[in-house]
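Colleague: Structure below; questions to follow.
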Amino acid sequence: MLDQSYYTKTDEIIAVYGKKPASLIPIMQDIQGVYRYLPGELLTYVAEQIGITEAKAYSVATFYENFSFEPKGKYVIKVCDGTACHVRKSAPILDTFTKELGLSKKKHTTDDMMFTVETVSCLGACGLAPTVMVNEDVHPKMTPEKAQELIKELRG
Amino acid sequence: MINNREELKAAVASAKEQIKEYDVRILVCSGTGCIASGSEKVYEEFVKIVGETPGVTLTFEPHDSDEKKLGVKKTGCQGVCELGPLVRIQKGDQVIQYTKVQIADCQKIFESTVLGDEVIEALLYKQNGISYKAPDEIPFIAKQTRIVLENCGKYDAESFDEYLAGGGFSALQKALFEMTPADVVDEIDKSGLRGRGGGGFPTGRKWKQVARQKETTRYVVCNGDEGDPGAFMDGSVMEGDPYKLIEGMMIAGYACGAENGYIYVRAEYPMSVARLRHAIAELESRNMLGENILGTGFNFYMHINRGAGAFVCGEGSALTASIEGNRGMPRVKPPRTVEKGLWEKPTVLNNVETYANVPKIILQGSDWFRSIGTESSSGCKTFSLTGSIQNTGLIEVPMGTTLREIIFDIGGGLKDGGTFKAVQTGGPSGGCLTESELDVPLDFETVKKYGTIIGSGGLVVMDDNTCMVEVARFFMSFTQRESCGKCVPCREGTKRMLEIMEKIVAGKGELEDIDRLQELATMIKSTALCGLGKSAPLPVLSTIRMFRDEYVEHIVDHKCRAKVCEAMKKYVINPDECRGCSKCAKNCPVGAISGVVKKPFTIDPSVCIHCGACKENCAFDAIYIED
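Protein sequences, first through last, are from chains P and R. Take numbering that gives the first Met the number 0: the last position of the first sequence gets the number 155, and nothing is skipped along the way. Take numbering that gives the first Met the number 0: the last position of the second sequence gets the number 626, and nothing is skipped along the way.
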């Protein structure tokens, strides 16, 4: 059960975009922006509020890669595996993050909820490949060594 | 408030005057690349230094004072992303380009170049032993023709006044007061401008089709869902010159009778979203967006939609479905977007670069635009130059420029003196061009003859350390993952193709697999529902055509000449270096290494799984990968 504050926040977000079906995606994006994931209860609530079926809301939420029903870590590390980064060897960087944080292909978030590791297809900073994005900050010219340092730095 | 033409003219005149009042402008690049390199901290440092220095005034907007007036500005992409953070010091017409500026350099730059007239040699751009002071002299920039990117690096990307000072909104003014909507459509049509998103469809024809629809509610939509990995041109325009994109869309709205414009920006570009939102708010606050613009009765409203991580939304009908709040899946055409697009209404859908070309065409005329580029492809094209190349970055060149000019003259050749192997154009929807195609002019038609497309403009340069089979597998895995699943050829076909590619890369391929790939590819190409599906097999087809021998090597000889494919790597212990410590044998997860302590060990290749654990942990560097 989510407490009332979640619904209050959601009402505020709905008010920004208006109670109409076309508002679904931006509303979900903002909810995820606040909570770092999309709580299922809120999705049901949003569907009801903007006048679409729950099934429709889920069909849209599951279609787009960015929406997650699982809570994500405090730091979401997106390792770019776009062409430019791939050619400049991004695979060892992903391996380093996965290995150092004890994650796997099926487990993306650490147990302490500090880190989530994902891949992304292009961050648009190809000139500085290979790149990694932590929340909204892009880190350029990464190496496995710099990846290790970055984890240390984020752990504080 | 700017309510009519006179007020706009007055605003332009005052912006032009104001910009001249600066004694020195410190232009810090604030493109995604430079920010990643730390340019925001450099910007803050300059603001701090200028603020603390007596006798000078830091002016964000110039004002009257007897002190020396300095401006510190955040500009759009200055180009050479590799050498960021980039900073330009501008004194009147004189501009000095500094590269790799660190916080520690700011004080010195301020004292020597900003207050004094001394140039810091160490921070200048250098190529082949020559240092360049002015950005326009740097070969990387001197060999470009910048239309869309004209303002990037010169003006504050966030400031409405600076956009005006650079000639902004003169095109809208001309369109609204001196041309009818039909004149505007005609001018664009005559200019020969073609869609810069990849398809190359004539923009004027598209606008004409929308303008003649019976339905009067129409929309202008901008595709900023630049999903091709390795491409960042549109992102750079959205964050570097947001007003120009909006002006282009407003002109399209006027020409086609639309009151609402939507920009669909991909989720990975938070900065583009922020800059566009800022620009829209600035324009709204001045009545330059909204009702009765400049008192002409023309209404235009701008909206921003953020993507949510689906590559297929770059396809027109999927993009409009996503704006409507649906799953972003393409639909069967016809009806086409020009007839039934967003909310089933006639819709002009163009990409960022296409709209950004519009203001200058209206201002300078279609003849001017036609004088640039080639007969069938007029104007310039932006490219993002990435991969194994010396100068990575954002460029704009006339259509018809050759790859050789782009890679060697502008790009400075291969990185670390590598050997050129191929360049991938058009991303996962394109193909590769090799050494023998270096002199092919890049325009829509010519490139098609070589089995690839210009695409949106990503150029990923590959040297001989790149395995073409693995690259084809990489693209296949990308399109497979991004397939929306609506039509069978794409959903099932790309999956089967990927499986075959994975088999070949794992060293388990058969020669017949090449035929199977070609058969599947041809089928998908001719039967898939949308552009994403139709073009998904192109990288495989293109690499088979250009690099068939590499496929055969992988299959028959189990050899990867680029030494990339793990399964092809043969790990060998050099008996001269091995001290027989037995560490590798203990580390080997499958027991492939054996030997007697203090004598050289050996690896059994039939058991080895190529994990590399032995090589990584050898204290004597005795293990290597055999050619």
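Glycine included, C-beta positions come from ideal geometry on N, C-alpha and C.
Any residues in the stretch 262–280 of chain R with a beta carbon nearer than 9 Å to a beta carbon of chain P? Which ones, in chain order?
Modeller: Arg-265, Ala-266, Glu-267, Tyr-268, Pro-269, Met-270 and Ser-271
Colleague: Using a cut-off of 8 Å between C-beta atoms, extract the partners of Asn-325(R) located in chain P.
Modeller: The count along the second sequence starts at 1 and reaches residue 325(R) at position 326. Those are Val-59, listed as they occur along chain P.
Colleague: Between Thr-108(P), Met-132(P), Thr-61(P) and Val-116(P), which lies nearest to Asn-325(R) when the distance is taken from Cα to Cα?
Modeller: On the second sequence, residue 325(R) is found 326 positions in, with the first residue counted as 1. Looking at the Cα atoms, Thr-61(P) is the closest of the given residues.
Colleague: Grab me the residues of Asn-573(R)'s own chain with a C-beta within less than 7 Å of its C-beta, minus the 5 sequence neighbours each way, in chain order.
Modeller: Walking along the second sequence from the start, residue 573(R) turns up at place 574. In the same chain as Asn-573(R), and ignoring 5 residues on each side of it, the C-beta atoms closer than 7 Å to its own belong to Ala-621 and Tyr-623, in chain order.
Colleague: Given a limit of 8 Å on CB to CB distance, which residues of the stretch 522–549 of chain R reach chain P?
Modeller: Those would be none; no residue qualifies.
Colleague: Run through chain P and tell me which residues come within less than 8 Å of Thr-478(R), C-beta to C-beta.
Modeller: Taking the second sequence and counting its residues from 1, the one referred to as residue 478(R) is at position 479. At a C-beta separation below 8 Å, Thr-478(R) has no neighbours in chain P, since its nearest C-beta there lies roughly 11 Å away.
Colleague: Could you work out which residues of chain R lie near His-138(P), taking near to mean beta carbons separated by less than 9 Å?
Modeller: Residue mapping note: residue 138(P) aligns to position 139 of the first sequence, counting from 1. Neighbours of His-138(P) on chain R, chain order: Ala-35.
Colleague: Nearest-angstrom Cα distance between Glu-110(R) and Val-118(R)?
Modeller: As a first step, residue 110(R) must be located in the second sequence, where it is residue number 111. As a first step, residue 118(R) must be located in the second sequence, where it is residue number 119. Val-118(R) has its alpha-carbon roughly 10 Å from the corresponding atom of Glu-110(R).
Colleague: Using a cut-off of 8 Å between C-beta atoms, extract the partners of Leu-153(P) located in chain R.
Modeller: In the first sequence, counting from the first residue as 1, residue 153(P) sits at position 154. Those do not exist, as Leu-153(P) stays about 16 Å from chain R at its closest Cβ, beyond 8 Å.
Colleague: So for Leu-432(R), helix, strand or coil by DSSP?
Modeller: Translated into positions along the second sequence, residue 432(R) becomes position 433. In this structure, Leu-432(R) counts as strand in the three-state DSSP scheme.
Colleague: Are the stretch 129–144 of chain R and the stretch 394–412 of chain R touching, with three or more C-beta to C-beta distances below 8 Å?
Modeller: yes
Colleague: Would you list the residues sitting across from Thr-56(R) in a DSSP beta bridge?
Modeller: Stepping through the second sequence from its first residue, residue 56(R) is reached at position 57. Partner(s): Lys-68(R).
Colleague: Going by DSSP, what residues sit across from Asp-136(P) in a beta bridge?
Modeller: Residue mapping note: residue 136(P) aligns to position 137 of the first sequence, counting from 1. Beta-bridge pairing links Asp-136(P) to Val-133(P).
Colleague: Between Val-11(R) and the rest of its own chain, which residues show a CB-CB distance below 6 Å, the 5 nearest in sequence each way excluded?
Modeller: Reading the second sequence from its first residue, position 12 is the one you call residue 11(R). For Val-11(R), where only same-chain residues beyond five positions count, the Cβ hits under 6 Å are Leu-163.
Colleague: Looking at the secondary structure, which residues open and close the alpha helix (DSSP H) in which Cys-559(R) lies?
Modeller: Residue mapping note: residue 559(R) aligns to position 560 of the second sequence, counting from 1. Segment: none, Cys-559(R) is in no alpha helix (DSSP H) and carries neither H nor E.
Colleague: So which residues on chain R does Phe-62(P) lean against when the C-beta distance must stay under 7 Å?
Modeller: As a position in the first sequence, residue 62(P) is number 63, starting the count at 1. Going along chain R in sequence order, the residues near Phe-62(P) (Cβ under 7 Å) are Ala-309, Arg-326 and Gly-327.
Colleague: When you compare the CB of Ser-120(P) with every CB in chain R, is at least one pair closer than 7 Å?
Modeller: Looking up residue 120(P) in the first sequence gives position 121. So, interface residue.
Colleague: So Leu-393(R) is in the alpha helix (DSSP H); what residue range does that whole segment cover?
Modeller: On the second sequence, residue 393(R) is found 394 positions in, with the first residue counted as 1. No alpha helix (DSSP H) holds Leu-393(R); the beta strand (DSSP E) holding it covers 392–397.
Colleague: According to DSSP, simplified to helix, strand and coil, what is Met-301(R)?
Modeller: On the second sequence, position 302 is the one that residue 301(R) refers to. The answer is strand: DSSP assigns Met-301(R) an E or B state.
Colleague: What are the start and end residues of each continuous alpha helix (DSSP H) run of 4 or more residues lying completely inside the stretch 543–611 of chain R, in chain order?
Modeller: 582–586
Colleague: Under a CB-based cut-off of 7 Å, is Leu-42(P) close to chain R?
Modeller: Walking along the first sequence from the start, residue 42(P) turns up at place 43. Judged by the 7 Å Cβ criterion, Leu-42(P) is not in contact with chain R.
Colleague: Pro-129(P): buried (16+ other C-beta within 10 angstroms of its C-beta) or exposed?
Modeller: Translated into the one-based positions of the first sequence, residue 129(P) becomes position 130. With 16 or more other Cβ atoms within 10 Å, it is buried.
Colleague: 7 Å is my cut-off, CB to CB: does Asn-65(P) come that close to chain R?
Modeller: As a first step, residue 65(P) is located in the first sequence; it is residue number 66 there, counting from the start. Yes, its Cβ sits closer than 7 Å to a Cβ of chain R.
Colleague: If you measure from the beta carbon of Val-78(P) to each beta carbon in chain R, is any gap under 7 Å?
Modeller: For the purposes of this step, residue 78(P) is taken as residue 79 along the first sequence, with counting starting at 1. So no, Val-78(P) is outside the interface.
Colleague: Evaluate Phe-176(R) with the Cβ neighbour count: other Cβ atoms within 10 Å of its Cβ, from every protein chain shown; 16 or more gives buried, anything less gives exposed.
Modeller: If you number the second sequence from 1, residue 176(R) lands on position 177. So Phe-176(R) counts as exposed.
Colleague: Is the Cβ of Ala-90(P) closer than 7 Å to any Cβ of chain R?
Modeller: To locate residue 90(P), count along the first sequence from 1; it is residue 91. Output row for Ala-90(P): interface = no.
Colleague: Label Asn-304(R) either buried or exposed according to how many other C-beta atoms from any shown protein chain fall within 10 Å of its C-beta, with 16 as the threshold for buried.
Modeller: For this step, residue 304(R) is matched to residue 305 along the second sequence. Counting the other Cβ atoms within 10 Å of the Cβ of Asn-304(R) gives 16 or more, which makes it buried.
Colleague: Kindly identify the DSSP beta-bridge partner or partners of Leu-26(R).
Modeller: What you label residue 26(R) is simply residue 27 of the second sequence in a count that begins at 1. Answer by DSSP bridge pairing, in chain order: Lys-72(R) and Arg-87(R).
Colleague: Any beta carbon of chain P sitting closer than 7 Å to that of Ser-455(R)?
Modeller: For the purposes of this step, residue 455(R) is taken as residue 456 along the second sequence, with counting starting at 1. No, no contact with chain P.
Colleague: Which runs of the beta strand (DSSP E), 3 residues or longer, sit entirely within the stretch 329–398 of chain R?
Modeller: 346–350, 379–386 and 392–397
Colleague: Between the C-alpha atoms of Leu-100(P) and Glu-152(P), what's the straight-line distance to the nearest angstrom?
Modeller: Along the first sequence, one-based indexing puts residue 100(P) at 101. Along the first sequence, one-based indexing puts residue 152(P) at 153. Those two C-alpha atoms are separated by around 14 Å.
Colleague: Classify Lys-614(R) as buried or exposed, calling it buried when 16 or more other Cβ atoms lie within 10 Å of its own Cβ.
Modeller: Sequence index remark: in the second sequence, residue 614(R) carries index 615 (1-based). The residue in question, Lys-614(R), is buried, as its Cβ has 16 or more Cβ neighbours within 10 Å.
Colleague: How is Leu-413(R) classed by DSSP in three states: helix, strand or coil?
Modeller: For the purposes of this step, residue 413(R) is taken as residue 414 along the second sequence, with counting starting at 1. Leu-413(R): strand per DSSP, three-state reduction.
Colleague: Run through chain R and tell me which residues come within less than 8 Å of Ile-30(P), C-beta to C-beta.
Modeller: Taking the first residue of the first sequence as position 1, residue 30(P) is located at position 31. Those do not exist, as Ile-30(P) stays about 12 Å from chain R at its closest Cβ, beyond 8 Å.
Colleague: By the criterion of Cβ-Cβ separation under 8 Å, what are the contact partners of Gln-423(R) in chain P?
Modeller: In the second sequence, the residue the question calls residue 423(R) occupies position 424. Correct list: Thr-82.
Colleague: Compare the C-alpha of Val-49(R) against each of Ser-370(R), Lys-67(R) and Ala-35(R) and name the closest.
Modeller: On the second sequence, position 50 is the one that residue 49(R) refers to. Cα-wise, what sits closest to Val-49(R) is Lys-67(R).
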